[in-house]
Amino acid sequence: MTNERHNEPYAELAPIYDVIYSARHQTAQEVNFLKWAFKNLCASTIKTVLDVGCGTGRHAIPLSEDGFEVTGIDASEAMLRIAKRKAREAGVNPRFLNLDLRTLEIDRQFDAALCMLTVFNHLVAQSEVEAGLSNLKKCLRAGGLLVLDMINLGSLLRRYKDVDHQLIQDKSIIVHRIVLREFDELNLIQTHREFDIVTDGDHKSLVMSERKLRLYGYAELKALLHTRGFKRVCCFGSFEERTQATASAPRLIVVATRDSGD
Ligand SMILES: C[S@@+](CC[C@H](N)C(=O)[O-])C[C@H]1O[C@@H](n2cnc3c(N)ncnc32)[C@H](O)[C@@H]1O
0 MTNERHNEPY
10 AELAPIYDVI
20 YSARHQTAQE
30 VNFLKWAFKN
40 LCASTIKTVL
50 DVGCGTGRHA
60 IPLSEDGFEV
70 TGIDASEAML
80 RIAKRKAREA
90 GVNPRFLNLD
100 LRTLEIDRQF
110 DAALCMLTVF
120 NHLVAQSEVE
130 AGLSNLKKCL
140 RAGGLLVLDM
150 INLGSLLRRY
160 KDVDHQLIQD
170 KSIIVHRIVL
180 REFDELNLIQ
190 THREFDIVTD
200 GDHKSLVMSE
210 RKLRLYGYAE
220 LKALLHTRGF
230 KRVCCFGSFE
240 ERTQATASAP
250 RLIVVATRDS
260 GD
C-alpha cells in the first residue's frame, strides 16, 4: 500500500469519481448557481475563485471556461491529476495545487471561495473545523463570498439508510455501488464506506473507500460562521430552485460574506 492510498480515501476512487458523481450531480446547474450567487449575493465583482477540494475540476474547469481566474486546491494528488488532464483537454489553465484546507497557506486572497459537494463536511475534529474556517477567512478578501455545499442533516435523517445500492452506467463503464453508513448521532459524524464493483468491458475491479463526514444543521453552521468572521449568512436547498433550504431539502448550500476584520 502506498502512502497516497493509505492517507487519503480518494486515491482509489479518483479514476471512477466522474462516472459516479457526474451522473448524479448536475454540474452545469451547480455552475449556473455559482455564477448567479457571484452576481447577486456579492456587493462587488467576483473575478478570482478558490475552489477548495476541487476534486476532478467539476467546477474549476467550467468556471475557467467562463472567464473566472480559478485556483483549485485538493488534498488528493490522484484527484488533481484527473483535473489537470481534463483542463488540458478543455483548453483552459486553472492553477491546481496539492494543498490541504486544514493547513492551507496561500500567497493571495480571492474574491470567492467554494467548498463544493461535502468538502467542508470532511473536517471532522473540532480543531480541523476551526483551522478550516480560519483558513477560508484568510484566503478571502474582505467582502468576498464563501459557498459551502453541504449534506443537509435534516434531509439525511429523514431518508437515512444504513445500506444503499446503486447501479450507475456511463458509456461502457458500469458501477455497482454499495454504501454502508454508520451514524454517530451524538457527535453528528457519519462513517461512510463504499464498495464499488466496476465493470469495463471484460474487466472487473473492486474499489473500496471510507471517510468520515461531520454533519451540520443550519442553526449550528450559521452561528459558527457568524463567530468566525462571516456575515450575511443565508442558505439554499437546491441548485435549481434557489429558495431557502428546508429540513427536507436535498442540499444545504450556505453562502456567507467575509467581514472586514482580521
Ligand atoms: C466529494 S469530493 C468533491 C470534489 C469536488 N468539489 C466536486 O464537487 O466534485 C471531496 C473532495 O474534497 C477533497 N478534500 C477532502 N478533505 C480535504 C482537505 N482537508 N483539504 C483539501 N481537500 C480536501 C477530497 O480529496 C476530494 O477531492
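All residue numbers for the sequence shown refer to numbering that gives the first Met the number 0, where the first residue is 0 and numbers rise by one. Don't be surprised by glycine CBs; every beta carbon is placed ideally from N, CA and C.
Annotation for Phe182: the continuous beta strand (DSSP E) segment containing it runs 172 to 183.
Here Phe109 is actually not in contact with Val206; their C-beta atoms are around 33 Å apart, not less than 8 Å. Annotation: Arg101 to Glu239 spans about 31 Å, alpha carbon to alpha carbon. Between the beta-carbon of Gly143 and that of Ala111 there is about 6 Å, and that keeps the pair under the 8 Å contact cut. Looking at Ile196, Gly153, Arg107, Glu181, the one whose alpha-carbon comes closest to that of His164 is Ile196. Taking 9 Å as the cut-off, the Cβ atoms of Asp99 and Arg57 do not count as close. Taking 8 Å as the cut-off, the C-beta of Arg192 does not count as close to any heavy atom of ligand 1. For Val128, there is no enclosing beta strand (DSSP E); the residue is found in the alpha helix (DSSP H) stretching over 125 to 137. Looking at Ala77, Leu62, Ser43, Arg227, the one whose alpha-carbon comes closest to that of Ala13 is Ala77. Taking the Cα positions, Ala82 is about 20 Å away from Leu103. Secondary structure at Thr117: coil, using DSSP grouped into helix, strand and coil. If you compare the alpha carbons of Ala27, Arg176, Pro249 with that of Gly236, the shortest gap goes to Pro249. Looking at the DSSP output, Phe32 bridges to nothing. Here DSSP, grouped into helix, strand and coil, assigns Thr26 to helix. Following the DSSP letters along the chain, one finds Lys230 inside the beta strand (DSSP E) bounded by residues 229 to 235. Taking one beta carbon from each stretch, the stretch 61 to 80 and the stretch 130 to 137 have fewer than 3 pairs nearer than 8 Å; the two do not touch. With 16 or more neighbouring CB atoms inside 10 Å of its own CB, Val174 falls in the buried class. Taking C-beta atoms as the reference points, Asn97 and Ser126 fail to come closer than 9 Å. Of all alpha-carbon atoms in Ser259, Val254, Asp261, Gly260, the one lying nearest the alpha-carbon of Lys38 is that of Val254.
Burial state of Glu88 is exposed, judged by a 10 Å Cβ sphere holding fewer than 16 other Cβ atoms. If you compare the alpha carbons of Glu219, Cys41, Ser259, Arg227 with that of Met149, the shortest gap goes to Glu219. Between the C-alpha atoms of Gln25 and Thr55 there is a straight-line separation of about 15 Å. The Cβ neighbour count for Leu166, taken over all protein chains shown within 10 Å, is under 16; the residue is labelled exposed. Met149 has its CB no nearer than 8 Å to any heavy atom of ligand 1.
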